[in-house]
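In the numbering used here, the protein residues as written are 113 to 247.
Glycine included, C-beta positions come from ideal geometry on N, C-alpha and C.
Please read the structure below before turning to the comments.
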Amino acid sequence: MAHTESDEVLAAAFLQHNAAKIAKHFGLRNRPKVYWTEDRRGHAVVGRNVVTLPSWAKYELEAFQTYYVAHEMSHFVQWQKSGKASHDREFKAIEDEALSLFDLEIVRRPRSHYPVMLSSTDGVLVWKENKWVGS
Ligand SMILES: [Zn+2]
C-alpha cells in the first residue's frame with residue numbers, strides 16, 4: 113500500500129545529517145528531508161524533495177538505516193546527473209561512493225541491488241541480511 117503524506121514521521125537527526133552530507137558531497141541542488149512511513153519500501157520522492165524509509169527499518173541497525181538513506185539519496189544524485197531512476201551500473205557506483213562517506217562497503221545479491229552485507233572499509237562486518245536458512 114502506498115503511503116500518504118500524513119503517515120510521514122520525521123526521521124532521527126543523524127539520518128537527516130547523513131542525507132545532507134550526501135547532498136553536499138554530490139553537489140545536489142536539493143536537500144531532501146528523511147521520513148519514516150508505513151510503506152513497505154523506501155522511496156526517493158524527487159518532486160517533493162523527500163526520502164521515505166519503511167518503518168520496519170527502525171528496528172534495523174544504524175548501519176542499515178544509513179545504507180537505506182544512501183540508497184534513496186543515490187536516486188536523487190542519479191536523477192540530477194542523468195535524469196534516470198534506475199538500479200543500473202551508474203547507480204551502483206553512486207551508491208558505493210555515497211556509502212564510502214560513512215566508511216561503509218556493500219555486498220549485493222548477484223544481479224540485484226539488494227544488500228546482503230555491509231562492512232566497514234577495513235573489512236569489519238557491520239550488518240548482514242537476516243535470512244531464515246532453517247534446518
Ligand atoms: Zn532504489
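Helix, strand or coil at residue i according to DSSP, with G and I counted as helix
| i | result |
| --- | --- |
| residue 102 | The requested residue 102 does not occur in the structure, where the chain is confined to residues 113 to 247. |
| residue 198 | coil |
| residue 224 | coil |
| residue 213 | coil |
Proximity to residue i [Cα-Cα], best of the options
| i | options | result |
| --- | --- | --- |
| residue 217 | 191, 239, 194 and 161 | 239 |
| residue 126 | 141, 173, 138 and 151 | 173 |
| residue 148 | 198, 187 and 181 | 181 |
| residue 165 | 177, 232 and 159 | 177 |
| residue 154 | 139, 184 and 170 | 184 |
(message) Is it the case that the segment 209 to 216 contacts the segment 131 to 151, given that we only count it when at least three CB pairs across the two stretches are under 8 Å?
(response) With a cut-off of 8 Å, the segment 209 to 216 and the segment 131 to 151 count as touching, because enough Cβ pairs lie within range.
(request) May I have a chain-ordered list of the alpha helix (DSSP H) segments no shorter than 4 residues that lie completely inside the segment 123 to 163? (result) Positions of the alpha helix (DSSP H) runs, each at least 4 residues long and wholly inside the segment 123 to 163, are given as 125 to 137 in order along the chain.
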